[in-house]
Structures are given as structure tokens and as C-alpha cells.
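First comes the structure, then the notes that go with it.
Protein chains in written order, with the numbering used here: chain A, 1 to 440; chain B, 1001 to 1440.
As C-alpha cells, this is what we get:
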């Protein structure tokens, strides 16, 4: 039996699997202390220990079982085959709108290969049609695999590539773009493209899923259908993010790229619009607009692409006992902007004031948001807030801290002038600031 | 006219106020571009500019008006007098439970002095009875002013003082303690005392307000009545936090100190229990318990006071493009613990792995929480999560990032041993971990 057939296993675990005659992808049964676990044997990370065996349970979740002398392992069959069939794509209906799906990776763009346990990109156009054949009735869909990344590995450089790729497809005349993305940092990327793609003629819709498409409870297909529907038919031309509105499968909600946040580690309705209404709801194939002040779809409008970002911007979450020297450290490392995630209406401890004063004297743009997440900051209520304003800290109203970070990264991709940076920061470029109507 | 009577004003603003014969505390009218503002002239920060005049409007909010050549200023009267009367306290009813209110500052413990504009502590016992005479029917209330701090200035050293002060009153036999606190960092302090005050015989209830007691819409009185009711009569003996349950005045909710977070900059119901039910609801003077697994009040139980905290713990919120060298910086500055606020189920970019590995090799306890806030982390779902576990990162289940920070600060106040620290971290000391029942 070759090493590859038990990839990543070593020591006690390797020995036990060999004795059972099991290999990666086999269905195995592990009995220990009276408990029986059944599942597909999957490979381990090279960094793993030598004591655990990892199997994928029927539920789709992986568990590790520690091997002890009284653990029994049996090979009980061949692994389940991938549930993805690969029928020929449905005939395209050329009269339908054209939508490009750009795949960057993440759960929605992946399927587990049960033979190797590896997760691999699945979003070729023919994969898509085989998983979600309904797409063929909505739009003529093409797909481009741009990256295959867990979204926590996506950086501002990748935002640039995504923006350029979306622009390329928009310029060749598609009616909308969908970007399939891991959910972890999808809201950051949606904010980034909200600034990088200006004067959009058509919608750009981010979409992810909380469960991979090969699991029975997957939200991938419904989210994708909602995103493609919005890209093809929605009356707005903005950057949106399409996910489940609730934990049921009945409606998909489109959030604004600058006002959305992942708010639960595992629920399907994890994304929430913060300090803003969502753009639209899709239910039963119909699109209902939820706001009035949106940019209208207009295919004659000329896209303005501004894809540069600077990584010399830091997000610092304040907390009691925070060491203000971390602010000095960023200043000494030539950072251009700092987003403070302060408390309440926009405060930080007075023991941070010297470092903030020094940052501003050194030409760093220091801005204030709130770790409350919901609500608007108001630094005029208490004298300590007024003192921060007097130091030159810029209050960012009801902007999300994450959106503020992305906006500053984008601004310093456009300019090195502090004056111009401040001018851009105060402009409402992509609904990152809301009017005072909600929750007030 | 002395400088003090126009404290903080200079230049154009000072000149305009002198011409009008106005002084701090006067009612003035400012007319500019056809708009009229009326309010009490309040002092400015020494750091302020020379162009704005700040008045307190009838609504209680302060605004700054910029002085231009066509701005007209009139003094129209004496300032309103403080609305706090000071009648003699109601006769104490010695048969009622005894409650101590420890005041640390913040909106609930303050009132604006209209003559000077300064905010000053108001929570002497007689102030309390004059503002909230109902307290006399609930308990025999004593008050101690421990600090008079905006809560963003509170540090782990202050947590120690609060814990010792609460212990002192518990040891002299009160039936409950209330701690009045600014709302900005009240949840951090509540978590801190949840760890520092072990084996509590009676409840310790934090309370704040979003509007000061001298404003018509204040929530101070209702929150205080709820907190004193809980301290005097609740069947539990844990650290709680009492605030409005909704935006109306009908019910006060008591959150667990380790599971609560300020989630809105200005709403009265800003505090929410996260990944946990609240402890109790108080409505119409009645206490309804909302959980079953709580420590019961027992005045014979012996309090264990462990008030030490270490500030050598950092909270780092991960974001795309984060510079991993900031982790190295904390390690090089002899930090003992790091709480990562990762994405989704508990992830950070692979570009942070080298710094995390180095931190752990240097004996730093590196832990993982989620910036989603809601939900439980699960680092076994994706191989990148499993790699982080293999590096030695400790997953903190459904613990709030802020509570994780406080717990690590408390742990390193108790021990320098990494092994003991890890043991304490994995113990569920104050319901900081929940069972897998909610939202799953």
C-alpha cells in the first residue's frame, strides 16, 4: 500500500489503518468505548499528530477520533462516490441575459473529492449547470475560475485582480457579474469592489454558501440562483452580496457591498445589513427593491475602474488596557491610515491620546468607528470625544469598521496626498455613509 | 469678565461672546443664515478651535455652531437650574434588604452642572434617593463613589479595585451589590468581575444608562430600579448586567457578565446576550429567571476574591492584508497571551502562520475567537483550521472575543505557568462557554 493511499497519516494511526486494510476514501467503522463512528476516511494535514483518524460523517462534518489500544477499526466498504453527476449542459437560450460567474474559491465554489478528500474548484460552467440546472432558464452563464482560495487568504492584491476581471467581463457587454467567494472575508471584498468599480452599468453580485454544494443542507444552489437572477434582471447597478435572508430557503436578500457583515459563524442567514436596509429581496424568482436611492442599470454607462489598494492601513480594535505603543509601531512602519474601532459613540482611553497626537503629527490619517457595530458615532456628546476631534481624529459616522479599513486602503491606492485622502474619505462614494433615518 | 467665565473660548468665539455679554451657563440665542439655536453656553475643551461656540440644546444634546461675520449672538437669560432637587432621603426601612451601589462614573452616575457645564458624580446616597425615590421602597441603599471615570478610561487595574470594593461590601453582609458604570466598556468590566469574584454568595449587578438622569428620556432610573431589585431579591448569585430589554421602559433584562456585549452606539437596549440566554427579566417589580443552570443565592457561601489581572495580553482583530509582524511585535514585547479575532469558524490568512508558530514557540498562549461575534468556532471543518490547531492555537468555542481577552488577562494575573494557564482557559469558570443548545 503506497504512502499516498494513507496521505498524512503516521505512527499509531497509520499502523491501525494498515492493519484494517483501509485507504483514503474507504468507508470505515471505528468502535471505541462502546461508541461507533462511520464515515469516509479522509487525508490528514501534514502538520497533524500521529494519534487521530479523521473521517467525514454522513452529515458532511469531519471528526477526528483518537486511537487508543482498545479502538477497533474496520473497513466496511468503498467510499461514496461524488454526488455531482456531469450531464451535458442544458442548451443555451441565446435570448436570455448574459451573466459571468467569476469564481475565487470558498465553499460555494468547491466540492469534496471523496477519493482524495481534497476540496477542489467546481465552478466550470458545465459543473454549474450540472449542479444547478435551473441556471439555464435564467441566463446564459459563463464561468471563469480566477482563484481557488479560502477567503481568509484573500488580500487587497486579490481585490485588484477581482475588480479587473469583473471590469473585463462588463466591458465585453455582459448583463451582470456574479463573484463566487468564501464567506469569511466576502464582505471585505464586496466593500473593496464597491470602491474600485465606479459608475457601474450593470450589477456585480457576490455570493457564497455556508454548506458545500455536495451536502444535503447546502445553501449553495439557492444563493447562486438568487445571485444570477439579480445579476441578470435587477434594476440596480451596484455591488451587492446575495445570501439567505433567513434560515429557510424561501428568500435571498441582496445587501449593499459597503453595509454588510458576516454575523454568525455557521448560520445560512449569517450576513446582515448594518445601519442600512438591504438593496433587494428575491423570492419566487421576483426581485423586490427595498431602497429607493440606488444607481439604475444602464448598459450605456461607462465603467470607471480604480483597482489599486494600499496595505499601509491598519484596523485597531481598542480595549481596556490596550498598549498605545501599537499605534506608534504602525506610525514607525510608515502606515498612512489607521481605523480605530473605539467604544460606544467613538471613544478610546485617554492613555492613547499621546500616540494618536503623534500619529496625526506624522501625517497619518486617524479615523474613528465603533466596535458596537450598530449605530452612529457622535464624538460631540462627551468632552473626551470632543478632545479626540480636536486632535484631528476623523469621525466616520455610521460606517462599518471593516468598510472604513477597505475605503482607506482604496484611498491610499489612489493618492498619497493627505488632503485628497481626507476629501475622498468625507465623500459618500458607495453608500458607505447612511442618512440619519434608521434606528435614530 | 474673568477668563474662567468663558472657559476654553478663544479668538473669534471669545470675542463674540464678550460682545454679547454672555458667560458659561447663560441661555443664549445664536442666529445664523436664518436659523436660530437656543441653549445653555457650555465650556469648551482647551484643545478646541477658536471658531465654534458650543451650546446645550433643550434636548440635552450639545452642538457646536461656527461663528461667521454674520452670526448674531444674544444673551437671553440665566441658565436653567439643575433639575435635581435635593429633598431629604426617605426614611430607611430597616427590614428591607441591604444593597450597596458602587459608582465608577459614566452617564448613569453623572449629572450636568449647568453653571459650569461640567459633568460631575451624582451618586451619593442622598442624590440617589432624590433622583429615584422608589429605591427607598426596594432596599436600604448605601452608595460609595469609587471612581468618577468615563468607562473608556477604565483599565484592568480599575477592575481589581472594583472587585476588591465589591468584596468588601459583600463581606460586611449586604444582600447584593450594584456597580454603576459607563456603558462603553461595562461588558469588559462585567466579564472581569465574573472571573475575579468566585463563589459569590449574592448577586453583583452592573448598571449603566444611555442618557443622563437629567434628560427627560433618561433610562437611568428604570435601569437602576431593575439593578437594585435584582441585587436585593434575585435568586441567583452571579455577576450580571442590567439594562433595558427593548427601547420601551417596560422591562429590564439581566445579562450574564461573560456573555454580553454593547451592540449599538445609542439605543437604550444596546446590550445583548450573545450565544446565551440572559439570566433574568424584571418587569413590574417581578423577577423571572430565564435560565435553569445558575448559582443560587446563599449568604453563607464564602466569597473567593482573585482580583489580579495582567495587561500582557493582546486582542488582535484579523483582516485582509493584516501585517503579521504585529504578532511578532507583541511577542517581542513579552506578551503572554494573544486573542485572535479571526474570520468565520476561526480562521486567519496563511500569511500569519509563521508569526503564530513563532509566538507559540516563544511560550505565548494563542487563542482563537470569531469576529462574526455570534456562533461557535469550529476549526475542524477546513484543513486551514486544522493546520492552526496543529500549530497549537486554542479554539475558544463560542466565547466572545472581549470575554476571551479579559479571561486571559485574569489568568495571567493568577499564574505564570503556561500549563496552568491552559488548564484554566479550558475550564468553564463563569459560563463563558455555552453548551451547544442555542442557534445550532
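The beta carbon of each residue, even a glycine, is placed where N, CA and C say it ideally should be. Bear in mind that the values here come from a model prediction, so they are computed numbers and not experimental data.
Which residue comes first and which comes last in the beta strand (DSSP E) that contains residue i?
{"i": "residue 1062/B", "result": "1062-1066"}
{"i": "residue 1316/B", "result": "1313-1317"}
{"i": "residue 1261/B", "result": "1260-1262"}
{"i": "residue 1273/B", "result": "1271-1273"}
{"i": "residue 1242/B", "result": "1239-1244"}
{"i": "residue 132/A", "result": "Note, residue 132/A: premise wrong, no beta strand (DSSP E); not H, not E."}
Spell out the partners DSSP gives residue i in its beta bridges.
{"i": "residue 1356/B", "result": "None; residue 1356/B has no bridge partner."}
{"i": "residue 447/A", "result": "In this structure chain A extends from 1 to 440, so residue 447/A is not present and cannot be described."}
{"i": "residue 142/A", "result": "100/A"}
{"i": "residue 1177/B", "result": "1100/B, 1204/B"}
{"i": "residue 1251/B", "result": "1283/B"}
{"i": "residue 1341/B", "result": "1317/B, 1369/B"}
{"i": "residue 1288/B", "result": "1281/B"}
{"i": "residue 394/A", "result": "367/A"}
{"i": "residue 1256/B", "result": "1240/B"}
{"i": "residue 1296/B", "result": "1236/B"}
Apply the 10 Å Cβ neighbour rule to residue i and answer buried if 16 or more other Cβ atoms are within range, or exposed otherwise.
{"i": "residue 393/A", "result": "buried"}
{"i": "residue 272/A", "result": "buried"}
{"i": "residue 149/A", "result": "buried"}
{"i": "residue 35/A", "result": "exposed"}
{"i": "residue 219/A", "result": "buried"}
{"i": "residue 425/A", "result": "buried"}
{"i": "residue 1105/B", "result": "buried"}
{"i": "residue 57/A", "result": "exposed"}
{"i": "residue 1183/B", "result": "buried"}
{"i": "residue 126/A", "result": "exposed"}
{"i": "residue 156/A", "result": "buried"}
{"i": "residue 1093/B", "result": "exposed"}
{"i": "residue 1141/B", "result": "buried"}
{"i": "residue 1053/B", "result": "buried"}
{"i": "residue 256/A", "result": "buried"}
{"i": "residue 222/A", "result": "buried"}
{"i": "residue 1325/B", "result": "exposed"}
{"i": "residue 247/A", "result": "exposed"}
{"i": "residue 1212/B", "result": "buried"}
{"i": "residue 1427/B", "result": "exposed"}
Under DSSP, the alpha helix (DSSP H) around residue i begins and ends at which residues?
{"i": "residue 135/A", "result": "135-138"}
{"i": "residue 1188/B", "result": "1186-1196"}
{"i": "residue 1412/B", "result": "1401-1414"}
{"i": "residue 1375/B", "result": "Run containing residue 1375/B: none; DSSP gives neither H nor E here."}
{"i": "residue 162/A", "result": "156-171"}
{"i": "residue 1225/B", "result": "1220-1233"}
{"i": "residue 1331/B", "result": "1325-1332"}
{"i": "residue 54/A", "result": "Segment 52-56 is the beta strand (DSSP E) holding residue 54/A; no alpha helix (DSSP H) there."}
{"i": "residue 18/A", "result": "11-20"}
{"i": "residue 349/A", "result": "Premise fails: residue 349/A is in no alpha helix (DSSP H) and is neither H nor E."}
{"i": "residue 384/A", "result": "383-391"}
{"i": "residue 1421/B", "result": "1418-1426"}
My guess is that residue i and residue j are in contact by the Cβ rule of under 8 Å, so how many angstroms apart are they, rounded?
{"i": "residue 1397/B", "j": "residue 1187/B", "result": "Contact flag wrong, Cβ pair sits at about 18 Å."}
{"i": "residue 134/A", "j": "residue 225/A", "result": "6 Å"}
{"i": "residue 309/A", "j": "residue 410/A", "result": "6 Å"}
{"i": "residue 258/A", "j": "residue 432/A", "result": "4 Å"}
{"i": "residue 1332/B", "j": "residue 1355/B", "result": "Not confirmed; about 11 Å, so no contact."}
{"i": "residue 191/A", "j": "residue 406/A", "result": "4 Å"}
{"i": "residue 207/A", "j": "residue 178/A", "result": "6 Å"}
{"i": "residue 441/A", "j": "residue 24/A", "result": "With chain A covering 1 to 440 only, the question about residue 441/A has no answer from this structure."}
Any heavy atom of the ligand COA within a distance shorter than 7 Å of the CB on residue i?
{"i": "residue 189/A", "result": "No copy of the ligand COA appears in this structure; indeed no ligand is present at all."}
Report yes or no: do three or more beta-carbon pairs, one from the region 408-420 of chain A and one from the region 1097-1105 of chain B, lie closer than 8 Å?
no
Does the region 227-241 of chain A come close enough to the region 282-296 of chain A that 3 or more CB-CB pairs lie under 8 Å?
yes
Can you find at least 3 beta carbon pairs, one from the region 1260-1277 of chain B and one from the region 1148-1165 of chain B, that sit closer than 8 Å?
no
Within the chosen definition, does the region 196-213 of chain A reach the region 302-316 of chain A through at least 3 CB pairs nearer than 8 Å?
They touch, by the three-pair rule.
Pairs of beta-carbons, one from the region 339-351 of chain A and one from the region 376-388 of chain A, closer than 8 Å: are there three or more?
yes
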